[in-house]
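Report on the following structure.
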Amino acid sequence: MQQFFQQLSDGLVLGALYALIALGYTMVYGIVQLINFAHGEIFMVGAFGGYTLYHYVLPSSLPSGIALLLVLLVAMLTSALLAAFVERVAYRPLRNAPRLAPLITAIGVSIALQESIRLFYPNGSVGKPFPQLFPRGTVDLGGVTLTYVDLFVISLALVLMLTLRTFVFRSATGRAMRATAQDPDTARLMGVDTDRIIVITFVLGGLLAGAAGVLQGMIASPIDFKIGFIAGLKAFTAAVLGGIGNITGAVLGGFTLGIVEALATQYVPNGSALKDSFAFVVLVLVLVFRPTGLLGESVRSRA
Amino acid sequence: MPLLEAQGVTKRFGGLQAVSHVDLTVEEGEIVGVIGPNGAGKTTFFNCLTGMETPTSGRITFRGAPLPSRPDRVTVAGVARTFQNIRLFHNMTVLENVLVGRHTRNRTGVLAAIGRGPRYRREERDALDTARELLQFVGLSPLAEHLAKNLNYGDQRRLEIARALATDPGLLLLDEPTAGMNPNETAAAVDLVRAVQARGVSVVLIEHDMRFVFGLCDRVAVLVQGEKLVEGTPQEVQSDERVIAAYLGRP
């Protein structure tokens with residue numbers, strides 16, 4: 002029983018990470034119906050932004066709390082700017098193209114970003130140790146052991162998700178985002194600059210992905226140019242599981258997937274060797290039995 | 459200076475000339491009707507007036523300046539519209555729909571929204587006040603928190619008008635405002651359009667209901683096969699033989 006709860010809490014940590022990345026997939030899909038397969042790389046580049054700041058810019062005498070804060074901010078900004086840049090140069094020119102064109106472009110962007118990172122850093126194929134700036138230590142909750150880092154990951158993810166939720170459902174810009182997602186033509190006629198709203202959506206997804214990049218570095222150092230691929234696929238699965246286009250669904254899907262993965266690793270024979278495959282078993286099951294996802298509505302045709 | 463001036467507006471789709479050399483002038487405070495048989499190019503003409511379509515040729519000015527070529531800029535300039543087939547944001551509340559219309563009149567950006575500074579909060583409050591006032595104006599206050607998709611047909615049409623008015627237009631374009639309405643709802647629509655005019659907003663409307671058009675409009679233009687056949691007061695248009703022929707066929 003104790004082991005079950007231990008896996009459950011590990012699943013929550015993993016799930017928080019998936020949820021943060023999944024939000025970027027789901028928001029972009031909601032607004033432009035594009036599966037942004039480069040999103041995993043945006044997450045990866047964010048992690049490298051934080052790594053670079055720490056190793057090449059910050060003085061080593063800086064207190065680790067301040068350093069962590071700066072690493073987090075720079076990672077978020079790196080991912081956000083990259084997401085906006087990719088939207089501008091790769092997706093916007095294809096706004097009215099058949100839907101397959103931006104999808105293929107996204108895969109191209111994804112490979113381009115991976116290779117850029119691999120070639121940019123000296124010895125780029127080798128993983129880079131991510132700075133461990135958070136105090137080490139564990140808390141014991143009735144036999145379940147959580148590290149301080151675990152708690153930080155879950156808390157930061159929750160704070161970011163709640164902030165996003167408030168933004169989308171309470172602010173004027175969030176309202177314009179939801180209007181654009183439902184009917185972009187009408188939103189434009191109501192004076193909404195939909196191009197701007199689309200960039201904002203990419204930026205929001207980027208901010209969350211950058212934060213997730215740092216969290217990934219904290220729980221699974223070292224980082225390399227490939228971490229975006231598997232994390233991106235799993236987060237995409239989480240978004241589909243929750244119902245793509247649905248923000249609450251992405252969070253639910255992320256946590257569900259994290260927990261399934263942690264439990265399956267423990268209880269399925271030879272589970273840890275199969276660790277990365279459970280997400281895709283879930284994906285297949287979702288696509289077979291509930292293609293719209295847990296909270297998804299059936300896709301309406303746009304008039 | 460007229461509020462809206464369209465000169466020689468032409469729109470071709472491939473070989474089809476949907477709108478040919480149409481002139482239309484709207485003065486401040488007027489209600490102008492555009493009528494014509496199905497397929498006469500009325501909606502295409504409207505689309506040209508809102509930046510949804512770019513005219514193949516012709517000139518459109520609003521308040522003396524050329525009409526922008528992007529729908530959101532047209533709205534900022536002061537032209538708003540409703541749709542023949544209702545296009546509300548169905549999964550948002552009635553109040554939120556109107557607030558989206560308010561979007562363009564808010565000046566503070568994303569950062570202010572995250573920071574929630576005093577200026578941002580004041581703008582949100584003003585937007586909310588305006589939206590509530592407009593809902594009262596069209597008689598939807600009690601339904602403010604309902605989802606738009608749950609409104610009945612007449613109320614959805616009213617909500618579209620409230621949402622369009624939220625953009626602070628000088629000119630409101632109504633595309634078949636009484637389509638699908640029963641006589642009671644149509645009568646209420648007459649009152650509503652007059653009330654819109656009394657707010658200082660000029661109106662151009664496309665309509666099939668002749669009684670509605672002739673009872674309401676200061677001027678009526680008749681489009682037939684993309685061309686303007688006649689324009690004049692309701693009396694002039696009603697007694698024009700070409701109009702009668704276009705609608706009923708020549709004896």
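Those sequence lines, one after another, are chains Z and W.
For the first sequence, my numbering begins at 2 and goes up steadily by one.
For the second sequence, my numbering begins at 459 and goes up steadily by one.
All C-beta atoms in this analysis are idealised placements derived from N, C-alpha and C, irrespective of residue type, glycine included.
From which residue to which residue does the beta strand (DSSP E) around residue i run?
{"i": "residue 474 of chain W", "result": "474 to 484"}
{"i": "residue 624 of chain W", "result": "Run containing residue 624 of chain W: none; DSSP gives neither H nor E here."}
{"i": "residue 686 of chain W", "result": "685 to 690"}
{"i": "residue 520 of chain W", "result": "515 to 520"}
{"i": "residue 148 of chain Z", "result": "145 to 148"}
{"i": "residue 531 of chain W", "result": "Per DSSP, residue 531 of chain W belongs to no beta strand (DSSP E); it is in the alpha helix (DSSP H), 529 to 535."}
{"i": "residue 629 of chain W", "result": "629 to 633"}
{"i": "residue 297 of chain Z", "result": "Where residue 297 of chain Z is concerned, there is no enclosing beta strand (DSSP E), given that its DSSP letter is neither H nor E."}
Does DSSP classify residue i as helix, strand or coil?
{"i": "residue 698 of chain W", "result": "coil"}
{"i": "residue 465 of chain W", "result": "strand"}
{"i": "residue 127 of chain Z", "result": "coil"}
{"i": "residue 230 of chain Z", "result": "helix"}
{"i": "residue 174 of chain Z", "result": "helix"}
{"i": "residue 262 of chain Z", "result": "helix"}
{"i": "residue 679 of chain W", "result": "strand"}
{"i": "residue 59 of chain Z", "result": "coil"}
{"i": "residue 17 of chain Z", "result": "helix"}
{"i": "residue 135 of chain Z", "result": "coil"}
{"i": "residue 471 of chain W", "result": "strand"}
{"i": "residue 524 of chain W", "result": "strand"}
{"i": "residue 112 of chain Z", "result": "helix"}
{"i": "residue 301 of chain Z", "result": "Per-residue confidence for residue 301 of chain Z stands at a pLDDT of 45, beneath the threshold of 50, marking its modelled position as unreliable; the derived number appears in the next sentence. Reduced to three states, the DSSP call for residue 301 of chain Z is coil."}
{"i": "residue 36 of chain Z", "result": "coil"}
{"i": "residue 224 of chain Z", "result": "strand"}
Please confirm whether residue i and residue j have their CB atoms less than 8 angstroms apart.
{"i": "residue 203 of chain Z", "j": "residue 88 of chain Z", "result": "yes"}
{"i": "residue 30 of chain Z", "j": "residue 199 of chain Z", "result": "no"}
{"i": "residue 682 of chain W", "j": "residue 704 of chain W", "result": "yes"}
{"i": "residue 540 of chain W", "j": "residue 604 of chain W", "result": "no"}
{"i": "residue 182 of chain Z", "j": "residue 32 of chain Z", "result": "yes"}
{"i": "residue 264 of chain Z", "j": "residue 8 of chain Z", "result": "yes"}
{"i": "residue 111 of chain Z", "j": "residue 119 of chain Z", "result": "no"}
{"i": "residue 153 of chain Z", "j": "residue 48 of chain Z", "result": "no"}
{"i": "residue 73 of chain Z", "j": "residue 50 of chain Z", "result": "no"}
{"i": "residue 218 of chain Z", "j": "residue 12 of chain Z", "result": "no"}
{"i": "residue 91 of chain Z", "j": "residue 106 of chain Z", "result": "yes"}
{"i": "residue 216 of chain Z", "j": "residue 157 of chain Z", "result": "yes"}
Which residue comes first and which comes last in the alpha helix (DSSP H) that contains residue i?
{"i": "residue 197 of chain Z", "result": "195 to 220"}
{"i": "residue 591 of chain W", "result": "576 to 596"}
{"i": "residue 75 of chain Z", "result": "65 to 87"}
{"i": "residue 556 of chain W", "result": "552 to 560"}
{"i": "residue 139 of chain Z", "result": "Counting along the chain, residue 139 of chain Z falls outside any alpha helix (DSSP H), though it belongs to the beta strand (DSSP E) covering 139 to 142."}
{"i": "residue 649 of chain W", "result": "641 to 656"}
{"i": "residue 660 of chain W", "result": "Premise fails: residue 660 of chain W lies in the beta strand (DSSP E), 660 to 664, not in any alpha helix (DSSP H)."}
{"i": "residue 489 of chain W", "result": "That residue, residue 489 of chain W, is in no alpha helix (DSSP H); its beta strand (DSSP E) goes 489 to 493."}
{"i": "residue 244 of chain Z", "result": "Element bounds for residue 244 of chain Z: n/a, residue is neither H nor E."}
{"i": "residue 603 of chain W", "result": "Per DSSP, residue 603 of chain W belongs to no alpha helix (DSSP H) and is neither H nor E."}
{"i": "residue 280 of chain Z", "result": "279 to 290"}
{"i": "residue 752 of chain W", "result": "In the structure as shown, chain W starts at 459 and stops at 709, and residue 752 of chain W therefore has no counterpart that could be examined."}
{"i": "residue 184 of chain Z", "result": "Unbroken run through residue 184 of chain Z: none, as it is neither H nor E."}
Here's the rule I'm using: 16 or more other beta-carbon atoms within 10 Å means buried, otherwise exposed. How should residue i be labelled?
{"i": "residue 121 of chain Z", "result": "exposed"}
{"i": "residue 57 of chain Z", "result": "exposed"}
{"i": "residue 607 of chain W", "result": "exposed"}
{"i": "residue 546 of chain W", "result": "buried"}
{"i": "residue 10 of chain Z", "result": "buried"}
{"i": "residue 530 of chain W", "result": "buried"}
{"i": "residue 1 of chain Z", "result": "Any answer about residue 1 of chain Z is impossible in this case: the structure gives chain Z only from 2 up to 304."}
{"i": "residue 80 of chain Z", "result": "buried"}
{"i": "residue 594 of chain W", "result": "exposed"}
{"i": "residue 464 of chain W", "result": "buried"}
{"i": "residue 691 of chain W", "result": "exposed"}
{"i": "residue 76 of chain Z", "result": "buried"}
{"i": "residue 53 of chain Z", "result": "buried"}
{"i": "residue 618 of chain W", "result": "buried"}
{"i": "residue 303 of chain Z", "result": "The pLDDT assigned to residue 303 of chain Z is 37, lower than 50, so where the model puts this residue is not dependable, and the model offers no usable value."}
{"i": "residue 254 of chain Z", "result": "buried"}
{"i": "residue 103 of chain Z", "result": "buried"}
Contact residues within the region 539 to 568 of chain W, judged by C-beta distance below 9 angstroms to chain Z = So the close ones are 539, 541, 543, 545, 546, 547, 548, 549, 550, 554, 555, 557, 558, 559, 560, 561, 562, 563, 564, 566, 567 and 568.
Check each residue of the region 166 to 189 of chain Z: if its Cβ is closer than 8 angstroms to any Cβ of chain W, include it; give the result in chain order.
-> Listed by position, the residues of the region 166 to 189 of chain Z near chain W (Cβ gap below 8 angstroms) are 168, 172, 173, 174, 175, 176, 177, 179, 180, 183, 184, 186, 187, 188 and 189.
If contact means a Cβ-Cβ distance below 9 angstroms, which residues of the region 517 to 542 of chain W contact chain Z?
-> Taking 9 angstroms as the upper bound on Cβ-Cβ separation, chain Z lies near residues 528, 529, 530, 531, 532, 533, 534, 538, 539 and 541 of the region 517 to 542 of chain W.
Interface residues of the region 610 to 627 of chain W facing chain Z [CB-CB below 7 angstroms] | Contacts with chain Z (Cβ-Cβ distance below 7 angstroms) from the region 610 to 627 of chain W involve 621 and 625, listed in chain order.
Got a sec: which bits of the region 503 to 518 of chain W sit with their beta carbon under 9 angstroms from any beta carbon on chain Z, in order along the chain?
-> Under the 9 angstroms Cβ criterion, the region 503 to 518 of chain W contributes 508, 509 and 510.
Contact list for the region 76 to 105 of chain Z against chain W, Cβ threshold 8 angstroms | Correct list: empty, as no residue qualifies.
Contact set between the region 575 to 607 of chain W and chain Z, restricted to residues whose Cβ is under 8 angstroms from the partner | The region 575 to 607 of chain W vs chain Z, Cβ under 8 angstroms: 581, 582 and 585.
Note down, in chain order, all residues in the region 190 to 201 of chain Z with a beta-carbon under 8 angstroms from any beta-carbon belonging to chain W.
-> Taking 8 angstroms as the Cβ-Cβ cut-off, the region 190 to 201 of chain Z approaches chain W at 190, 191, 192, 193, 194, 195 and 201, given in chain order.
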